[in-house]
Amino acid sequence: MSKLEIHQVPLLRDNYAYLIREPETAATGVVDPSVAGPVFEALAEHGWTLTHILNTHHHWDHTGGNLELKAASGATIVGPAADRDRIPGIDVAVDDGETYRFGAAEAKVTFIPGHTRGHIAFWFEESAALFCGDTLFALGCGRLFEGTPEQMWSSLCKLRALPDETRVYCGHEYTQDNARFALAVDPENADLIARAAAVDRTRAAGLPTVPSTMGEERATNPFLRADEPALGAAMGLDAADPVAVFAETRRRKDVF
Ligand code: FE
Ligand code: ZN
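Just so you know, the sequence shown maps onto residues 170 to 425 in my numbering.
Rendered as structure tokens:
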């Protein structure tokens with residue numbers, strides 16, 4: 170097993186793609202390329218040749234660069250089986266519980282519907298790296314475009330079970346806005362207060378707040394804390410029903 174080198178590629182206004190490089194075999198992938206141009210530039214900067222494209226879900230801002238990158242490199246496109254009809258150029262469809270071999274590394278595939286009905290995450294356990302697209306964000310979660318609160322809560326619970334040190338490579342830089350909302354619903358959370366201040370400093374310095382770690386998210390992300398009595402109480406809800414707390418948290422964020 171081999172650890173990945175990971176290079177973050179900012180795209181469009183607030184999207185992140187990630188170049189991942191497995192050094193033993195030189196397998197080189199890009200996760201969720203919305204456009205091809207900056208990915209080509211990042212590859213050239215490192216002197217790397219693209220061999221794989223990994224997609225977490227079908228949205229254009231995660232797959233828009235697929236065909237151009239594939240045409241130029243012959244890269245293999247790996248995406249969610251449930252969404253094989255909506256992933257441009259897909260070659261390999263992967264499903265829940267599968268392990269996808271990436272050079273000498275392994276990605277565990279988890280089905281996490283809610284944002285879209287076919288969304289998956291890739292977890293490289295040896296590298297402590299999770300690519301979770303638009304399901305879990307730093308201090309937030311994706312909108313429920315195609316799923317129910319029950320589905321999204323269950324998907325987030327799967328991700329939340331990963332080890333504390335897992336780095337959360339999500340699809341967008343939304344953290345500062347998410348922090349303002351998190352403080353509005355969970356104002357007494359000392360870890361959250363400290364993290365929100367750190368996020369402000371990081372953004373003021375023009376730096377990314379992604380990746381975070383799963384340990385940080387578990388302590389401060391309100392969408393992972395729907396079964397935390399303190400959050401339910403702060404929102405005036407019954408914490409005995411985490412799905413209802415989650416649904417209300419997501420609803421409030423939609424109109425925040
Ligand atoms: Fe997105
Ligand atoms: Zn999306």
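The C-beta atom is built at its ideal place from N, Cα and C for all residues, glycine as well.
Every unbroken stretch of the alpha helix (DSSP H) spanning 4 or more residues and falling wholly within the region 199-254 is given here in chain order: 206-215, 229-232, 235-242. Taking 8 Å as the upper bound for CB-CB distance, V354 and R421 are in contact here, some 7 Å apart. DSSP places I256 in the coil class of the three-state scheme, outside both helix and strand. Less than 8 Å divides the Cβ of L393 from the Cβ of L325. Residue environment analysis places G216 among the exposed positions, since fewer than 16 neighbouring C-beta atoms fall within 10 angstroms of its C-beta. Nearest to L313 by alpha-carbon distance, out of P282, A195, A240, is P282. Proximity to C310 across H341, A251, F293 peaks at H341, based on C-alpha coordinates.
Residue environment analysis places R349 among the exposed positions, since fewer than 16 neighbouring C-beta atoms fall within 10 angstroms of its C-beta. In terms of Cα proximity to I246, the closest of V261, F306, F291, L352 is V261. A direct Cα-Cα distance of roughly 20 Å separates D254 from C301.
With fewer than 16 other CB atoms across the displayed protein chains lying within 10 angstroms of its CB, L376 is exposed. Counting only runs of at least 3 residues, the region 322-402 fully encloses the following beta strand (DSSP E) elements, listed from N- to C-terminal order: 336-339. Taking the C-beta atoms as reference points, H227 is found nearer than 8 Å to D252.
Looking from the CA of A351, the closest CA among L400, L173, R370 belongs to L400.
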